[in-house]
Amino acid sequence: MTTVPEPGLAAAGDDAVRLCHDLLRIDTTNPGDGTGPGERVAAEYVGAALDAAGIAPVLVEAAPRRSTVLARIGGHDPSLPPLLVHGHLDAVPFDAADWTSHPLSGDLVDGCLRGRGAVDMKGTVAMVLALARHWARSGVRPRRDVVLAFLADEESTGDFGSRFVVARHREWFEGCREAISESGGFSITARPERGPEAGRELRVYPVAVGERGTAWMRLTARGTAGHGSKQNPDNAVATLVHGLSRLASHRWPTAPTPPVEALLSSLERELGLRIDRSRLEEEAVRLGQLGELFDCTVRDSANPTVLAAGGKVNVVPGRAHAEVDGRFLPGHREEFLATVDRLLGPGVTREFINCEDAVAADHEGPAFAAMAGALRAEDPLARPVPFVMSGGTDAKSFARLGIRSYGFAPLLLDPSLHYYGMFHGVDERVPAAGLGFGVRVLDRFLRTY
1 MTTVPEPGLA AAGDDAVRLC HDLLRIDTTN PGDGTGPGER VAAEYVGAAL
51 DAAGIAPVLV EAAPRRSTVL ARIGGHDPSL PPLLVHGHLD AVPFDAADWT
101 SHPLSGDLVD GCLRGRGAVD MKGTVAMVLA LARHWARSGV RPRRDVVLAF
151 LADEESTGDF GSRFVVARHR EWFEGCREAI SESGGFSITA RPERGPEAGR
201 ELRVYPVAVG ERGTAWMRLT ARGTAGHGSK QNPDNAVATL VHGLSRLASH
251 RWPTAPTPPV EALLSSLERE LGLRIDRSRL EEEAVRLGQL GELFDCTVRD
301 SANPTVLAAG GKVNVVPGRA HAEVDGRFLP GHREEFLATV DRLLGPGVTR
351 EFINCEDAVA ADHEGPAFAA MAGALRAEDP LARPVPFVMS GGTDAKSFAR
401 LGIRSYGFAP LLLDPSLHYY GMFHGVDERV PAAGLGFGVR VLDRFLRTY
C-alpha cells in the first residue's frame with residue numbers, strides 16, 4: 001500500500017488531473033516539418049497557471065508559435081547547485097480514426113485520462129505544475145533552487161525548443177549540474193522468482209540514467225533514369241532497397257555498458273532473477289516488460305523509417321531516398337557509422353538529419369539515491385533500478401551545458417497498463433491516481449535533495 005498523502009498534496013494531485021485534462025485538449029502535435037499548430041497555446045496556458053500561483057513565467061519563442069516557458073523557484077539553500085526540471089509541450093501526430101476516445105478529448109475513462117501526450121509527456125508537465133502551484137500557495141520551498149523549462153519541439157530535433165534555449169537563453173541554466181525529466185520512475189509489477197520474497201508482488205521503478213546516441217540519417221541512391229519497360233542495371237530504387245535490406249537484417253552485437261550491467265545486476269538482486277549475459281536477446285523476451293528495459297540498450301540499432309522514389313509506374317527514377325533512425329551505445333559512434341556505410345554499400349550516400357552522442361548520469365550518486373528514497377517512501381513495494389533509454393530526449397541538448405539528466409517522472413501504474421506501449425501509441429492514457437502519486441514522490445525528492 002502507498003502512504004496516505006497530506007491534505008495539501010491530495011489537492012495538488014487533483015490539480016494535476018485537471019491540468020492534464022486541459023493540456024490534452026490543446027493540440028500541440030509536431031509532425032516535424034513546421035506544419036503543426038505549435039506550442040504557443042499550451043505555453044500560454046502553462047504560463048497562466050504559474051502566474052495565478054504567484055510564480056513569474058517567461059515565454060520565449062524560437063519561431064512563431066514555437067513557444068517555451070521558463071520559470072525559477074527559490075530554494076532554502078542557495079549554496080546548492082540549482083536543479084533543472086524540464087518537460088516538453090509538443091506531442092506526436094495521431095490518426096483519430098484508430099482511437100476509442102478522440103486524441104484531443106482528455107476524457108477520463110476507467111480512471112485514466114486519455115489523449116495524445118498523456119504519458120509523453122503532458123501528464124508529467126501537469127504533475128510539476130501542480131506541485132509548483134501547491135508550494136507557492138502554501139509557502140513551501142524546495143531544498144535548492146528549481147529551474148522549470150516547459151519546452152517546444154522535443155518530438156523533432158529540439159531546434160525550436162531545448163537547442164534554442166541552450167544557445168540563446170543559457171543564463172537560465174547557470175549553475176545547474178543535474179536535471180530530471182521524462183521516461184523514468186514508472187512502475188512495473190513483478191514477482192521475484194526466488195529468495196525470501198519469492199512470489200510476492202513487488203514494483204520495479206526504472207530510473208533513467210542515460211540514453212543511446214542518435215543518428216537520424218537521410219540516404220540517397222543515384223542511378224540512371226529511364227523507361228520502366230527497359231532493363232536497367234543502374235536502378236536507384238533497387239540499389240537503395242538492397243542496401244536497406246542488409247541494414248535492416250543486420251544483427252548488431254550485444255555490448256552491455258556499465259549502467260546496463262547495473263540494471264541487470266539490480267534485477268537479479270531485487271527479484272531473485274538469473275539473467276544469462278550470453279543470451280540477452282532471449283532473456284529480454286522471457287522477462288517481458290522487464291526485458292524491455294534492456295533489450296534495445298545492449299546494442300546499436302538502425303531502423304529504416306521513410307522511403308521515397310519516383311512518381312510514375314513506367315518511369316525509372318534517377319534517384320531514391322530513405323530515412324533511417326540510428327541509435328548507438330556510448331563510445332560506438334564511429335564504429336556504428338562505419339558499419340552502416342559497409343552495409344549500405346558504395347551506391348548509397350548518407351547525410352545527418354540529426355546526430356547527437358549518448359549521454360549518461362551517475363547511477364551510484366546522491367541524486368539517484370534521493371530518487372530511490374522518495375519512491376520507497378511512497379511505495380513500500382518499490383524496487384528502484386537504473387536503466388538506459390533506447391531513444392532520446394532533450395537531455396542531449398542540456399548535456400552541452402554539462403547538465404546530467406535523469407529520467408524521473410514518477411508514475412504508479414496498474415499492472416494491466418503497458419507503459420512503453422502507450423508511448424506514441426493508440427489510446428494513450430495516464431491513470432489519474434498515478435498523477436497524484438507522482439506529485440507526492442516529486443515533492444519528497446525536491447524538498448530533500
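Counting in the UniProt record's numbering, the sequence shown runs from 1 upward without gaps. Each residue gets a CB set at the ideal place from its N, CA and C atoms; glycine is no exception.
Assuming L337 and A221 are in contact, meaning their beta carbons sit under 8 Å apart, how far apart are those beta carbons, in whole angstroms?
Your numbering for residue 337 matches position 337 in the sequence shown. Your numbering for residue 221 matches position 221 in the sequence shown. With a contact defined as Cβ atoms closer than 8 Å, L337 and A221 miss out at about 18 Å.
According to the Cβ coordinates, are G161 and P82 closer than 8 Å?
Counting from one through the sequence shown, the residue named residue 161 turns up at place 161. Counting from one through the sequence shown, the residue named residue 82 turns up at place 82. Result no, Cβ atoms of G161 and P82 do not sit closer than 8 Å.
Please report the distance separating the alpha-carbon of D110 from that of C20.
By 1-based counting over the sequence shown, the position of residue 110 is 110. By 1-based counting over the sequence shown, the position of residue 20 is 20. Roughly 16 Å between the two C-alpha positions.
Round the Cβ separation of R212 and S405 to the nearest angstrom and send it over; I've been treating them as touching at under 8 Å.
Translated into the one-based positions of the sequence shown, residue 212 becomes position 212. Translated into the one-based positions of the sequence shown, residue 405 becomes position 405. 14 Å between Cβ atoms; not a contact.
Output yes or no for whether 8 Å exceeds the beta carbon distance between V140 and G75.
Here residue 140 is taken as the residue at index 140 of the sequence shown, counted from 1. Here residue 75 is taken as the residue at index 75 of the sequence shown, counted from 1. For V140 and G75, no; Cβs fall outside 8 Å.
From A136, G38, D51, pick the residue whose C-alpha is nearest to that of A91; which is it?
Within the sequence shown, the letter at position 91 stands for residue 91. Residue G38 holds the alpha-carbon nearest to the alpha-carbon of A91 among A136, G38, D51.
Pick helix, strand or coil for G326, following the three-state DSSP scheme.
Here residue 326 is taken as the residue at index 326 of the sequence shown, counted from 1. The answer is strand: DSSP assigns G326 an E or B state.
In chain order, which continuous runs of the beta strand (DSSP E) of length 3 or greater are located wholly inside the region 60-93?
As for any beta strand (DSSP E) of minimum length 3 sitting wholly inside the region 60-93, the runs are 66-73, 83-88, ordered along the chain.
I'd like the list of long-range same chain contacts for T349, defined as Cβ closer than 6 Å, with 5 residues on each side in sequence excluded.
For the purposes of this step, residue 349 is taken as residue 349 along the sequence shown, with counting starting at 1. Taken in chain order, the residues that qualify are T220.
Closest by CA to residue 450, which one among R327, R444, V119, I55?
Residue 450 lies beyond the range of the chain shown here (1 to 449); nothing can be said about it.
Kindly indicate which residue of L290, W252, D295, A42 has the alpha-carbon position closest to the one of E335.
Taking the first residue of the sequence shown as 1, we reach residue 335 at position 335. Checking every option, the nearest Cα to that of E335 belongs to W252.
Do you know how far the Cα of P196 is from the Cα of G272?
What you label residue 272 is simply residue 272 of the sequence shown in a count that begins at 1. What you label residue 196 is simply residue 196 of the sequence shown in a count that begins at 1. If I take the Cα positions, the gap works out to 9 Å.
Distance check for G32 and D443, CA to CA, integer angstroms please.
Along the sequence shown, one-based indexing puts residue 443 at 443. Along the sequence shown, one-based indexing puts residue 32 at 32. Roughly 34 Å separates the two Cα atoms.
For the candidate residues T28, V207, A130, C112, whose alpha-carbon lies nearest to that of I55?
The sequence position of residue 55 within the sequence shown is 55, counting from 1. Among T28, V207, A130, C112, the Cα nearest to that of I55 is on A130.
Figure out for me which residue from F352, S183, G345 has the closest Cα to the Cα of D325.
For this step, residue 325 is matched to residue 325 along the sequence shown. Per the Cα distances, F352.
Is there contact here, the region 313-324 with the region 286-293, by at least three beta-carbon pairs under 8 Å?
no
Work out the CA separation of R25 and A43 for me, nearest whole Å.
For the purposes of this step, residue 43 is taken as the residue at position 43 of the sequence shown. For the purposes of this step, residue 25 is taken as the residue at position 25 of the sequence shown. The alpha-carbon atoms of A43 and R25 are separated by roughly 13 Å.
Mind checking who T29 pairs with in its DSSP beta bridge?
Taking the first residue of the sequence shown as position 1, residue 29 is located at position 29. Bridge partners of T29: A91.
Tell me, to the nearest whole angstrom, how far the beta carbon of P57 is from that of A71; I am working on the premise that it is less than 8 Å.
Counted from its first residue, the sequence shown places residue 57 at position 57. Counted from its first residue, the sequence shown places residue 71 at position 71. Confirmed, Cβ separation roughly 5 Å.
Helix, strand or coil for M1? Go by DSSP, reduced to three states.
For the purposes of this step, residue 1 is taken as the residue at position 1 of the sequence shown. Low per-residue confidence applies at M1: pLDDT is 43, beneath 50, and the placement is therefore not dependable enough to give any value.
May I ask you to verify whether the region 169-187 touches the region 97-111, counting CB pairs closer than 8 Å and requiring at least 3?
The region 169-187 vs the region 97-111: no contact.
Compute the Euclidean distance between the alpha carbons of G8 and H134, then round it to the nearest angstrom.
Within the sequence shown, numbered from 1, the residue matching residue 8 stands at position 8. Within the sequence shown, numbered from 1, the residue matching residue 134 stands at position 134. In this model, G8 and H134 are separated by some 7 Å (Cα to Cα).
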